[in-house]
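J.:
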Amino acid sequence: MLTSFPARLRSIFGQFISTFTMSTFASTAFRRTAQASRAPYWQARAARFTKQQVRSIGDHGTKPPLPPGSPQKSRVVAPKTRLAVGVVFVGTLIYSMATGDVEHTEPPSIAERDSLSKRESGVTQTSPMRLRMEQFIKSKQEEIVRELEKVDGTRFQVDKWDRPNGGGGITCVLQDGNVFEKGGVNTSIVYGTLPRAAISKMRVNHKALDPDVESLEFFAAGLSMVLHPKNPMAPTVHLNYRYFETANADGTPNAWWFGGGTDLTPSYLFDEDVIHFHRTIKDACDAHDKTYYARFKEWCDKYFYVSHRGETRGVGGIFFDDLDETEKDQEALFSFAQSCLNAFLPSYVPIIEKRKDMPFTEKEKAWQQLRRGRYVEFNLVHDRGTSFGLNTPGSRVESILMSLPLTARWQYMHAPEKGSREERMLSVLKEPKEWV
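To convert, take the position in the sequence shown, counting from 1, and add 872; that gives the working numbering.
In structure tokens, the structure reads:
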């Protein structure tokens, strides 16, 4: 907050007088020293004029010319002029100093606040949820990448990037590996501003959002992952866990919520694999709320539905969004998201280890490519996360489209043979099952 103008003016004027006095004294001392140092030189030059030259000059009634190269006499400015210039200068300087910090009174953005907080004290249990979620997903990214590299025997390519207005991410991609044709494990931290139109849409699910503001700062942090194995007997898997927050002008949360989920997309159905996947997820849900698994499993089946095909993308898992204070308190929901993310490796690694080296035919590989075509259709047509990312200014398109498979296939009017494994797979996709 600015101090009162008279008090500030007195302070500034005192500083100015002190500075001005010192600079005047220094300037005078310098000028006298310079003149003293030049005197012997010009005295010697003057001695070189002959009496005849001096007499000649005097006869003409003019002053002797200065020796070549001598300093010209400075022009004297009238005292009143000097006073007027000084008053204008002093007044301008004082006004500039008194008002110079007005432009810095805007509150810092939440990106600036978070950056300062991390530098000064790191991330602790008392840090804003923004920073705690960011720290957690980055640590899980490192763990998941490390374990998947053991499975594949190939290192992920790590690409770190920054956003101009704060935030950034780490994109870890594995392509043409021994086990995975393509895989990505990404973290993304986004700071930005929501316009009034976006706030109005979000208020449908979040009444805490202020409807009377023109814009709100927001923060989003998420870990997303997709793995597309080479072997058609091994299923594709996807997960995403995220936290979203809008902020008031003072940096405090205006509204917040968690979202996320994980789902399995096999090309060939192994019931024991799907049961293991769902049971592991259910155990994570049950530790927090016995109703969560059934609610979020149904939500997943509805969300990952390719409506123009009349089938789900895969055999499901869980999906949830917009979990805020109307569901549970922030700490409880953060703990739930942590449990779900911690359940990924035990839910999927045993399956990929079992299926990655199974034999397969060219026909089975072609079926896998057709199923991947459905995966592409869902992501580009229906997925909210992809749409949000592509419509966010400054978003990183390569990271958003990392979820797409390296190869896919579209075949006109394809239909599986009656009684085949492909037909059984399709029947489950058209009528989702209860697995546990």
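In this text, a Cβ means the ideal position worked out from N, Cα and C, and glycines have one as well. Nothing here was measured: the structure is a model prediction, and the numbers come from that model.
Classify G1291 as helix, strand or coil using the three-state DSSP reduction.
T.: Here the question's residue 1291 lines up with position 419 in the sequence shown. G1291: coil per DSSP, three-state reduction.
J.: Classify Y1165 as helix, strand or coil using the three-state DSSP reduction.
T.: Taking the first residue of the sequence shown as position 1, residue 1165 is located at position 293. In this structure, Y1165 counts as helix in the three-state DSSP scheme.
J.: By the three-class DSSP mapping on this structure, what secondary structure does N1112 have?
T.: Translated into positions along the sequence shown, residue 1112 becomes position 240. N1112: strand per DSSP, three-state reduction.
J.: Nearest chain B C-beta to D1158 closer than 9 Å, yes or no?
T.: The question asks about chain B, but that chain is absent: this structure has only one protein chain.
J.: Between which two residues does the beta strand (DSSP E) containing Y1140 stretch?
T.: As a position in the sequence shown, residue 1140 is number 268, starting the count at 1. Taken as a continuous stretch (DSSP letters only), Y1140 belongs to no beta strand (DSSP E), as it is neither H nor E.
J.: For T841 and G1038, which I take to be in contact (beta-carbon distance under 8 Å), what is that distance rounded to the nearest angstrom?
T.: Given that the chain is displayed from residue 873 to residue 1308, the structure contains no residue 841 and the question cannot be resolved.
J.: For the putative contact between P1101 and E1144, defined by C-beta atoms under 8 Å, what is the C-beta separation to the nearest angstrom?
T.: Here residue 1101 refers to the residue found at position 229 of the sequence shown. Here residue 1144 refers to the residue found at position 272 of the sequence shown. Rounded, the Cβ-Cβ distance is 17 Å, inconsistent with contact.
J.: Pull up the distance between the alpha-carbon of S1050 and that of S1207, whole angstroms please.
T.: Taking the first residue of the sequence shown as position 1, residue 1050 is located at position 178. Taking the first residue of the sequence shown as position 1, residue 1207 is located at position 335. The sequence shown places Asn at residue 1050, not Ser. The straight-line gap from Cα to Cα measures roughly 35 Å.
J.: Between H1150 and G1186, how many whole angstroms is the CB-CB distance? I'm expecting something under 8 Å.
T.: Here residue 1150 corresponds to residue number 278 of the sequence shown, with the count starting at 1. Here residue 1186 corresponds to residue number 314 of the sequence shown, with the count starting at 1. The pair is not a contact, with the Cβ atoms about 12 Å apart (cut-off 8 Å).
J.: To the nearest angstrom, how far is it from the Cα of A908 to the Cα of S993?
T.: Within the sequence shown, numbered from 1, the residue matching residue 908 stands at position 36. Within the sequence shown, numbered from 1, the residue matching residue 993 stands at position 121. Residue confidence is low: A908 scores 48 on pLDDT, short of 50, so the model does not pin down where it sits. No coordinate-derived value is stated.
J.: Note down, in chain order, each residue of its chain lying with its Cβ closer than 7 Å to the Cβ of N1120, except the 5 sequence neighbours on either side.
T.: As a first step, residue 1120 must be located in the sequence shown, where it is residue number 248. Counting only Cβ-Cβ distances below 7 Å, and skipping sequence neighbours, we find N1126.
J.: According to DSSP, what are the bridge partners of N1058?
T.: Residue numbering aside, residue 1058 sits at position 186 when the sequence shown is read from its first letter. According to DSSP, which records beta bridges pairwise, N1058 is partnered with T1043, S1096.
J.: Excluding the 5 residues flanking Y1175 on each side, which residues of the same chain have their C-beta closer than 6 Å to its C-beta?
T.: Stepping through the sequence shown from its first residue, residue 1175 is reached at position 303. Only F1191 meet the Cβ criterion.
J.: When we look at the beta-carbon of Q1013 and count the other beta-carbons within 10 Å, is it buried (16 or more) or exposed?
T.: Translated into the one-based positions of the sequence shown, residue 1013 becomes position 141. When all chains shown are included, Q1013 counts as buried.
J.: What's the gap between the Cα of P1222 and the Cα of A1106?
T.: Here residue 1222 is taken as the residue at index 350 of the sequence shown, counted from 1. Here residue 1106 is taken as the residue at index 234 of the sequence shown, counted from 1. One C-alpha to the other measures close to 11 Å.
J.: Measuring alpha carbon to alpha carbon, tell me which residue in M1285, N1263, Q1283 is nearest L1066.
T.: Locating residue 1066 in the sequence shown gives position 194, where the first residue counts as 1. The residue with the shortest Cα to Cα distance from L1066 is N1263.
J.: Judging by CA-CA distance, which residue of L1273, V1098, K1290 is the nearest neighbour of I1016?
T.: Walking along the sequence shown from the start, residue 1016 turns up at place 144. Taking only the C-alpha atoms, the option nearest I1016 is V1098.
J.: For the region 1227-1245 against the region 1281-1288, do three or more pairs of beta-carbon atoms, one drawn from each stretch, fall closer than 8 Å, so that the two count as touching?
T.: yes
J.: Can you list, in chain order, the residues of its chain with a C-beta nearer than 7 Å to that of G840? Leave out the 5 residues immediately preceding and following it.
T.: For residue 840 there is no data in the structure shown, the boundaries of the chain being 873 and 1308.
J.: Taking just the CA atoms, how far does G1123 sit from V1109?
T.: Working through the sequence shown from its first residue, we reach residue 1109 at position 237. Working through the sequence shown from its first residue, we reach residue 1123 at position 251. Each residue's alpha carbon lies about 37 Å from the other.
J.: With 16 other CB atoms within 10 Å as the buried threshold, where does Y967 fall?
T.: If you number the sequence shown from 1, residue 967 lands on position 95. Residue placement at Y967 is flagged as unreliable, the pLDDT there being 48, under the threshold of 50; the coordinate-derived value follows with that caveat. Exposed, since its Cβ has fewer than 16 Cβ neighbours within 10 Å.
J.: Helix, strand or coil for E1089? Go by DSSP, reduced to three states.
T.: For the purposes of this step, residue 1089 is identified with residue 217 of the sequence shown, where counting begins at 1. Of the three classes helix, strand and coil, the one that applies to E1089 here is strand, per DSSP.
J.: Going along the chain, which residues of its own chain have a beta-carbon closer than 8 Å to the beta-carbon of R1296, five neighbours each way excluded?
T.: By one-based count along the sequence shown, residue 1296 stands at place 424. Answer for R1296: L1141, listed in chain order.
J.: Taking just the CA atoms, how far does C1172 sit from P1304?
T.: What you label residue 1304 is simply residue 432 of the sequence shown in a count that begins at 1. What you label residue 1172 is simply residue 300 of the sequence shown in a count that begins at 1. Taking the straight line from one Cα to the other gives about 10 Å.
J.: For the pair the region 1194-1210 and the region 1069-1082, tell me if three or more CB-CB distances fall below 8 Å.
T.: yes
J.: Of all the options Y1113, F1116, Y1165, P1104, which has the alpha carbon lying nearest to the alpha carbon of P1360?
T.: Limits of the chain in this structure are 873 at one end and 1308 at the other, which puts residue 1360 out of reach.
J.: What is the residue span of the beta strand (DSSP E) that L1195 lies within?
T.: Counting from 1 along the sequence shown, the entry for residue 1195 is found at position 323. Per DSSP, L1195 belongs to the beta strand (DSSP E) from 1188-1195.
J.: Excluding five sequence neighbours on each side, which residues of the same chain lie with their C-beta closer than 7 Å to the C-beta of S946?
T.: Counted from its first residue, the sequence shown places residue 946 at position 74. Residue placement at S946 cannot be trusted, given a pLDDT of 48 that sits under 50; the coordinates are not used to answer.
J.: Can you give me the start and stop residues for the beta strand (DSSP E) that K1235 sits inside?
T.: One-based indexing of the sequence shown puts residue 1235 at position 363. Not the beta strand (DSSP E): K1235 falls in the alpha helix (DSSP H), residues 1234-1253.
J.: Whose CA, out of Y1220, T1118, C1157, lies closest to the CA of L1111?
T.: As a working mapping, residue 1111 is identified with position 239 in the sequence shown. Here the closest residue by C-alpha is Y1220.
J.: To which residues does DSSP link E1183 through a beta bridge?
T.: As a first step, residue 1183 is located in the sequence shown; it is residue number 311 there, counting from the start. Answer is V1178.
J.: Around the Cβ of E1225, are there at least 16 other Cβ atoms within 10 angstroms (buried) or fewer (exposed)?
T.: What you label residue 1225 is simply residue 353 of the sequence shown in a count that begins at 1. Counting Cβ neighbours within 10 Å, E1225 comes out exposed, since fewer than 16 surround it.
J.: Measuring only the C-alpha atoms, how far is S1179 from Y1247?
T.: Within the sequence shown, residue 1179 is the residue found at index 307, counting from 1. Within the sequence shown, residue 1247 is the residue found at index 375, counting from 1. Looking at the two C-alpha atoms, the distance is approximately 12 Å.
J.: Mind checking who T998 pairs with in its DSSP beta bridge?
T.: To locate residue 998, count along the sequence shown from 1; it is residue 126. For T998, which the question treats as bridged, DSSP gives no partner whatsoever.
J.: Going by the beta-carbon positions, is the gap between C1212 and A1156 smaller than 9 Å?
T.: Against the sequence shown, residue 1212 aligns to sequence position 340. Against the sequence shown, residue 1156 aligns to sequence position 284. It is a contact, given that the beta carbons lie within the stated cut-off.
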